Amino acid sequence: DVKVTQSSRYLVKRTGEKVFLECVQDMDHENMFWYRQDPGLGLRLIYFSYDVKMKEKGDIPEGYSVSREKKERFSLILESASTNQTSMYLCASSTQGGNIQYFGAGTRLSVL
Amino acid sequence: ILNVEQSPQSLHVQEGDSTNFTCSFPSSNFYALHWYRWETAKSPEALFVMTLNGDEKKKGRISATLNTKEGYSYLYIKGSQPEDSATYLCAFTRDSNYQLIWGAGTKLIIKP
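From first to last, the protein sequence lines stand for chains L and Y. Each residue of the first sequence is one higher than the one before, counting from 1 in this note's numbering. Each residue of the second sequence is one higher than the one before, counting from 1001 in this note's numbering.
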């Protein structure tokens, strides 16, 4: 079974803190994605990566950065957390050109 | 702007009843339509990926149809069971781009 693991299920951070969300996949997938999910909205793509050290902005990259130093790990970084970044964050992975994305269980981040 | 609309937003169904809901998407440059199921506290999981107009897919009591000319897909659940309670997400891709455009989901609650 494909496994995508997000390091935390719940996080509470303060405004201005630097926040790291970690995601690891064990299926040697080339593509990895970070989404956020807010009530009443579809999943919105923040960043994606199609190879190690490669990254592409998604639809809402502002206030975020990412790091992919190893194929299996894709980190989302909030440089200075703000209250409007309170959300559910989902990581996903897929094969190169693959249709199906495999998701982690999500991290619910609260920024106070 | 690409929009994926799902309706209804939420749905309460009596156990044993059948139900269906809709996903609407832009029909131009269509490549694939995806359905995912997202149970509370779990990862979203792919149900179906459909690419051809007129496609019908089935998995147990759940089935889906696709009309790419008019830009809609239906998801049907026959004889709803409590374990069907989840949010059902649809997403589409265009031009073989592996980025998914997501709807906001239909939250299905099965009443015993």
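Here a beta-carbon is modelled for each residue, glycine too, at the ideal position from N, C-alpha and C. Being a predicted model, the structure only gives us computed values, none of them experimental.
Buried/exposed call for residue i, threshold 16 Cβ in 10 Å
{"i": "Y:ALA1086", "result": "buried"}
{"i": "Y:ASP1084", "result": "buried"}
{"i": "Y:SER1018", "result": "exposed"}
{"i": "L:ARG9", "result": "exposed"}
{"i": "L:MET32", "result": "buried"}
{"i": "Y:GLN1014", "result": "exposed"}
Residues near residue i by beta carbon distance below 6 angstroms, same chain, minus five either side
{"i": "L:LYS71", "result": "VAL52"}
{"i": "L:LEU112", "result": "ARG14"}
{"i": "Y:THR1065", "result": "GLU1056, TYR1074"}
{"i": "Y:ALA1120", "result": "Because residue 1120 of chain Y is not part of the residues shown, which for chain Y are 1001 to 1112, the question remains open."}
Helix, strand or coil at residue i according to DSSP, with G and I counted as helix
{"i": "Y:GLN1014", "result": "strand"}
{"i": "L:ASN31", "result": "strand"}
{"i": "L:GLN96", "result": "coil"}
{"i": "L:THR83", "result": "helix"}
{"i": "Y:GLU1083", "result": "helix"}
{"i": "L:ILE60", "result": "coil"}
{"i": "L:TYR10", "result": "strand"}
{"i": "Y:SER1043", "result": "coil"}
{"i": "Y:ASN1067", "result": "strand"}
{"i": "L:MET54", "result": "coil"}
{"i": "Y:GLU1056", "result": "strand"}
Chain-order list of residues whose beta-carbon lies under 7 angstroms from that of residue i (same chain, five-residue window excluded)
{"i": "L:SER65", "result": "ILE77, GLU79"}
{"i": "L:SER67", "result": "SER75, ILE77"}
Residue i versus the options, residue with shortest Cα-Cα distance
{"i": "L:TRP34", "options": "L:ASN99, L:PRO61, L:GLY40", "result": "L:PRO61"}
{"i": "Y:PRO1026", "options": "Y:TYR1072, Y:SER1018, Y:LEU1047, Y:GLU1039", "result": "Y:TYR1072"}
{"i": "L:SER82", "options": "L:ILE100, L:ASN99, L:SER110, L:LYS55", "result": "L:SER110"}
{"i": "L:GLN37", "options": "L:GLY97, L:MET54, L:ASN84, L:ILE100", "result": "L:ASN84"}
{"i": "L:LEU41", "options": "Y:SER1007, Y:GLU1039, Y:ILE1062", "result": "Y:SER1007"}
{"i": "Y:GLY1060", "options": "Y:SER1043, Y:CYS1090, Y:LYS1078, Y:LYS1069", "result": "Y:LYS1078"}
{"i": "Y:HIS1034", "options": "Y:ILE1109, Y:PRO1112, Y:LEU1011, Y:THR1068", "result": "Y:THR1068"}
{"i": "Y:SER1043", "options": "L:GLN96, L:ASN99, L:LYS3", "result": "L:LYS3"}
{"i": "Y:TYR1036", "options": "Y:ILE1101, Y:PRO1112, Y:ILE1110, Y:LYS1111", "result": "Y:ILE1101"}
{"i": "Y:LYS997", "options": "Y:ALA1104, Y:LYS1058, Y:GLU1070, Y:PRO1082", "result": "The question about residue 997 of chain Y has no answer, for chain Y in this structure spans 1001 to 1112."}
{"i": "L:ILE46", "options": "L:GLY106, L:LEU90, L:GLY16", "result": "L:LEU90"}
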